[in-house]
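Numbering (the working numbering), first residue to last: 2 to 252.
Cβ atoms here follow ideal geometry from the backbone N, Cα and C, with glycine treated the same way.
For clarity, every value in this text was computed on a predicted model and none was experimentally measured.
What follows is the structure, encoded as structure tokens:
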């Protein structure tokens, strides 16, 4: 989805609308939540491509290959989860919550976190916070093993918005430590291109870390400031550098 999104943006900036729409459509099918990202404000064509998502939500006979449902680390045929994600990405919060609730039987951490996110978007903070706190109390290994950075970021955002700053900080620290284990994002591009790729001539949009939702940018900036306030200047500098490199959209 990252490569397709960048390809779509480059085609759009070149005026190749049909090619851009093809890439955006494929990117949105792979990751429907792109439709809730900050990038929507930058692209005229992404909202057009997103119209495909409504029909795609009923095309689950094609999903096994698209969503790699035979992977060992996923619940059995996560159709309900993906229906929830598509509903959430198209503003159908009530439907999304029902799908996520029904999918909880698979024991998926992503379903649990997505349900919390749907509650938060639907202005039900008490329910969102309850799930977020329960998730935050899991062991670190379990969180990082099944959740990934995206889920961690969502949980942190909910915790912060509902007055659980200390728990949010501990959670973001885990997310940062996890992110820095990802060699592709922290070593590959600087080594190959001898520079960080944001703002290069390849494209004004370069997304390297699709695991960090754009909507949590403020939470990461708060993490840097809070780390500095707590006196760990070295960690704050590393986190700030990582955040700059992973910011997602060049302004």
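| Asked | Found |
| --- | --- |
| One question on the structure: do residue 29 and residue 51 come within less than 8 Å of each other, judged by their Cβ atoms? | yes |
| In whole angstroms, give me the CA-to-CA distance for residue 172 and residue 123. | 23 Å |
| Using alpha carbons as the reference points, say which of 225, 136, 162, 163 lies closest to residue 177. | 225 |
| Specify whether the segment 11–27 and the segment 83–100 touch according to this definition: at least 3 beta carbon pairs, one from each stretch, less than 8 Å apart. | no |
| Distance check for residue 83 and residue 152, CA to CA, integer angstroms please. | 15 Å |
| So, with DSSP's three-state summary, where would you put residue 54? | helix |
| Using alpha carbons as the reference points, say which of 106, 156, 105 lies closest to residue 130. | 156 |
| Counting along the chain, where does the alpha helix (DSSP H) carrying residue 24 start and finish? | 18–31 |
| Return the first residue and the last residue of the alpha helix (DSSP H) that residue 9 is part of. | 3–14 |
| Among 244, 56, 36, which residue has its Cα nearest to the Cα of residue 48? | 36 |
| On a CA-only basis, which of 9, 230, 174 is nearest residue 43? Give me that one, please. | 9 |
| Is the beta carbon of residue 81 less than 8 Å from the beta carbon of residue 104? | yes |
| Determine, using beta carbons only, whether residue 126 and residue 86 come nearer to each other than 8 Å. | no |
| Could you please give the first and the last residue of the uninterrupted alpha helix (DSSP H) stretch that includes residue 113? | 110–122 |
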